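Here the structure is laid out as structure tokens; the discussion comes afterwards.
2 protein chains.
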Amino acid sequence: MKKILIALETGEQEQAAFRRAVGGEAELIFTTTGAATQEQVREASFILGNVPPRFIAGSEKLEVLQLFSAGADAYLPKGILGEKTQLCNATGAYSRAVGEHAFAMTMMLIKKLHLYRSAQMRNSWVDYGTIRSLGESTVLVVGLGDIGLGYARLVKAMGARVIGVKRRPGPCPEGVDELVPTEDLDRVLEEADVIMSVLPSTEETRYMYTAERFHRMKNSAVFINVGRGDAVSEEVLLSALQHGEIAAAALDVFETEPLPADSPLWQEERLVITPHVAGSFHHPSIYDGIMEIGLENLRRYLRGEPLRNVVDPKTGYCR
Amino acid sequence: MKKILIALETGEQEQAAFRRAVGGEAELIFTTTGAATQEQVREASFILGNVPPRFIAGSEKLEVLQLFSAGADAYLPKGILGEKTQLCNATGAYSRAVGEHAFAMTMMLIKKLHLYRSAQMRNSWVDYGTIRSLGESTVLVVGLGDIGLGYARLVKAMGARVIGVKRRPGPCPEGVDELVPTEDLDRVLEEADVIMSVLPSTEETRYMYTAERFHRMKNSAVFINVGRGDAVSEEVLLSALQHGEIAAAALDVFETEPLPADSPLWQEERLVITPHVAGSFHHPSIYDGIMEIGLENLRRYLRGEPLRNVVDPKTGYCR
């Protein structure tokens with residue numbers, strides 16, 4: 002009998018839903034991501050949860066690894082997933098929480114609330130001058146997947162002009178005024194007042210925000226990254242802020258996480274840091290979304306139907 | 002010939018617009034708020050600008066004092082304005098800038114970005130747990146004038162349920178789900194996840210947020226004040242934060258401004274402080290709005306027509 006490993010905190014309600022999905026067709030094992038053992042992983046045909054990649058390497062039974070994350074980069078290197086394993090992510094579960102976090106960061110930066118917060122901590126009543134409104138801003142959303150689109154709708158509701166940047170642009174979706182391919186990035190960077198980046202970690206996206214690209218941006222622009230930390234080198238970003246190439250930035254993701262206590266990023270006043278909390282179960286919509294995707298893919302798997310959210314191991318994107 | 006005193010920074014374009022409005026019917030004097038002399042004030046029939054109240058007291062010629070502020074409280078005490086002087090404010094010019102500032106503060110608080118900013122300044126990678134979305138929040142807007150309504154539309158666009166509180170409720174405006182009179186404040190305070198207050202300073206509004214009212218609020222609620230500082234005593238607010246009656250607060254206005262450097266408010270981590278910058282010419286829409294109101298009231302005054310934005314000296318509100 003096939004073994005289904007649910008390596009994710011579940012309550013009675015969720016466990017009952019999994020039991021209904023499985024019927025008597027397979028054996029269900031409930032554990033958590035931290036408690037899952039290598040043996041449980043090796044025996045499972047279907048796993049829901051981001052179990053340690055080293056447990057998976059050489060696993061012969063695994064047919065589906067359903068992650069609870071949107072990023073799949075930890076499972077992409079060769080030698081982890083076998084030929085017959087399909088990798089699925091939880092794209093869709095994060096659009097609301099991460100989109101809103103990036104949106105809150107955007108509002109904070111354009112209203113200079115980060116500077117006022119720093120001044121407050123020095124007991125200092127100081128006026129930082131004029132601010133910007135989204136209603137007169139051009140917002141660039143780099144990576145127009147589910148999260149990018151959720152964010153685009155929020156800034157659009159505030160009156161922004163929205164340009165989406167996508168690897169393979171299709172029809173222009175609602176909430177986006179212009180959709181351009183990645184090759185046009187340099188051109189549209191020059192127009193943007195806000196650059197919000199939400200890209201997976203792939204060979205193409207690594208260090209794509211070069212010093213030259215920050216130089217292209219408006220000096221008044223703000224830069225936000227909620228995708229993966231390696232889209233921008235921390236030295237390049239710090240230098241761009243210190244040389245006034247851009248006005249401010251906010252990061253939720255870093256090359257090394259946790260960000261080391263001695264990183265020079267912490268004390269850069271023009272930079273806002275949140276510790277990778279935009280997603281990661283900080284809003285109930287995330288857990289609910291993961292459950293919905295996990296249950297549906299488990300049902301599809303048992304019925305032999307094509308799965309949702311299958312990641313192409315070559316690109317790190319959904320197919 | 003009547004003298005019109007424009008006590009506000011103007012450029013050539015604005016001065017030309019005033020000249021067209023006046024024709025040859027009156028003498029125009031351009032100065033700034035800080036440079037206006039008592040003699041200029043005493044000679045003027047119409048003033049645009051927040052000239053010092055003590056210059057106005059006893060002024061016999063003044064028929065219209067057109068403020069560039071929304072608040073008129075500095076000019077309401079007896080002995081400042083004569084019987085024949087009409088007081089007009091600039092309600093309408095601030096709705097966008099102040100509404101957006103209050104909205105940015107709201108997003109900051111509900112996403113806990115104030116806590117992350119403080120942690121950043123300690124080089125500390127710390128997770129503050131779950132956050133709230135406006136989509137599942139009830140937002141109370143206390144004072145549903147022009148600014149309150151602008152703010153209401155923004156939170157509504159994010160999916161919030163909006164309750165407006167107004168001295169004299171009329172038909173429920175767009176962007177507001179429920180409109181209640183001030184007498185119902187206690188009831189609706191208990192339902193709110195966000196309380197945003199934008200009230201003028203009057204006898205009724207002074208210290209209206211009592212300890213008892215903070216006690217009524219949800220422990221998870223956030224409180225924002227962008228109206229006048231005396232709506233809440235600083236000790237009462239500090240105590241409510243320290244005793245967990247509410248989760249967080251943000252103030253742009255204070256009983257004493259600038260907030261004294263030794264105020265205990267500065268170092269309260271759960272409180273966000275901005276130095277009365279939501280309005281005060283920090284966004285071009287404010288200046289443009291003031292010019293529009295000022296020009297129109299000047300034209301109406303010269304034609305003997307009823308004015309816009311006339312403040313009732315008894316209530317501090319527009320009639």
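Chains as they are written, first to last, in my numbering: chain F, 2 to 320; chain S, 2 to 320.
Here a beta-carbon is modelled for each residue, glycine too, at the ideal position from N, C-alpha and C.
Note that the coordinates shown come from a computational prediction; the quantities given were computed from them, not determined experimentally.
Straight-line Cα distance separating residue j from residue i
i                 : j                 : result
Leu238 of chain S : Val142 of chain S : 18 Å
Asn310 of chain S : Gly144 of chain F : 47 Å
Pro259 of chain S : Leu110 of chain S : 23 Å
Val312 of chain S : Arg320 of chain S : 6 Å
Gly317 of chain S : Arg162 of chain S : 29 Å
Pro170 of chain F : Leu180 of chain F : 6 Å
Arg339 of chain F : Arg118 of chain S : This structure leaves residue 339 of chain F out entirely; chain F is present only between 2 and 320.
Ala222 of chain F : Val166 of chain S : 37 Å
Met122 of chain F : Tyr210 of chain S : 25 Å
Glu13 of chain F  : Gly176 of chain F : 39 Å
Gly93 of chain S  : Ala158 of chain S : 20 Å
Glu297 of chain S : Gly146 of chain S : 20 Å
Val227 of chain S : Gln16 of chain F  : 47 Å
Asn220 of chain S : Glu269 of chain S : 17 Å
Phe282 of chain F : Glu184 of chain S : 40 Å
Ile126 of chain S : Pro182 of chain F : The sequence given here places Trp at residue 126 of chain S; Ile does not occur at that position. Distance between the alpha carbons of Trp126 of chain S and Pro182 of chain F is about 35 Å.
Val233 of chain F : Ser264 of chain F : 15 Å
Minimum Cβ-Cβ distance from residue i to chain F less than 8 Å
i                 : result
Glu293 of chain S : no
Ala153 of chain S : no
Ile274 of chain S : yes
Gln121 of chain S : yes
Arg118 of chain S : yes
Val127 of chain S : yes
Glu101 of chain S : yes
Ala158 of chain S : yes
Pro201 of chain S : no
Val140 of chain S : no
His115 of chain S : yes
Val278 of chain S : yes
His283 of chain S : yes
Any chain S beta carbon closer than 8 Å to residue i
i                 : result
Ile132 of chain F : yes
Lys112 of chain F : yes
Arg97 of chain F  : yes
Gln69 of chain F  : Inspection of the sequence shows that residue 69 of chain F is occupied by Phe rather than by Gln. It does not; no Cβ of chain S falls within 8 Å.
Phe104 of chain F : yes
Met109 of chain F : yes
Pro259 of chain F : yes
Ser244 of chain F : A small fix is needed here, since residue 244 of chain F is His in this sequence, not Ser. False, the Cβ-Cβ gap to chain S never drops below 8 Å.
8 Å Cβ cutoff met for residue i and residue j
i                 : j                 : result
Ala249 of chain F : Asn124 of chain S : no
Pro174 of chain S : Leu200 of chain S : no
Phe104 of chain S : Tyr152 of chain S : yes
Phe331 of chain S : Val42 of chain S  : Nothing can be reported for residue 331 of chain S: it is not among the residues displayed for chain S, which extend from 2 to 320.
Tyr95 of chain S  : Ile148 of chain S : yes
Leu266 of chain S : Glu235 of chain S : yes
Gly280 of chain F : Ile274 of chain F : no
Thr33 of chain S  : Glu10 of chain S  : yes
Leu308 of chain S : Arg301 of chain S : yes
His102 of chain S : Thr131 of chain F : no
Leu63 of chain F  : Gly50 of chain F  : no
Gly290 of chain F : Ala91 of chain F  : yes
Arg271 of chain S : Asp74 of chain S  : no
Close beta carbons around residue i, own chain, < 7 Å, minus the five adjacent residues each side
i                 : result
Arg217 of chain F : Asp187, Leu190, Glu191
Leu29 of chain S  : Ile5, Ile7, Phe19, Arg20, Val23
Ser240 of chain F : Ala212
His1 of chain F   : With chain F represented from 2 up to 320, any question about residue 1 of chain F goes unanswered, as that position is not in the structure.
Ile1 of chain S   : With chain S covering 2 to 320 only, the question about residue 1 of chain S has no answer from this structure.
Met106 of chain S : Ile225, Ala251, Val273
Asp100 of chain F : The sequence as given places Gly at residue 100 of chain F; Asp does not occur at that position. Only Ile148, Gly151, Tyr152, Leu155 meet the Cβ criterion.
Heavy atom of the ligand ZN within 7 Å of residue i beta-carbon
i                : result
Ala45 of chain S : Inclusion of the ligand ZN in the displayed structure is not the case, the ligand content being empty and no account of it being possible.
Contacting residues, own chain, Cβ-Cβ under 6 Å from residue i (five flanking each side not counted)
i                 : result
Asp231 of chain S : Ser202, Arg207, Glu256
Val140 of chain F : Val156, Ala161, Val163, Val195
His115 of chain F : Met109, Val273
Gly295 of chain F : Leu49, Gln67
Glu44 of chain F  : Lys4
Sequence-distant residues of the same chain with beta carbon closer than 8 Å to residue i, five excluded per side
i                 : result
Ala27 of chain F  : Met2, Lys3, Lys4, Ile5, Ser46, Phe47, Leu303
Arg214 of chain S : Leu186, Asp187, Leu190
Proximal chain A residues relative to residue i, where beta-carbon distance stays under 8 Å
i                 : result
Asn124 of chain S : Reference to chain A is not applicable here, since the protein chains of this structure are F and S.
Query raised in the report: So, do the region 57-77 of chain S and the region 85-92 of chain S have three or more beta carbon pairs nearer to each other than 8 Å?
Result: Taking a cut-off of 8 Å for Cβ pairs, the region 57-77 of chain S and the region 85-92 of chain S touch, as three or more such pairs fall below it.
**Report entry** Stretch-stretch touch, CB-based, cutoff 8 Å, three pairs: the region 120-135 of chain F with the region 249-266 of chain F
**Finding:** The region 120-135 of chain F makes no contact with the region 249-266 of chain F, as fewer than three CB pairs between them are under 8 Å.
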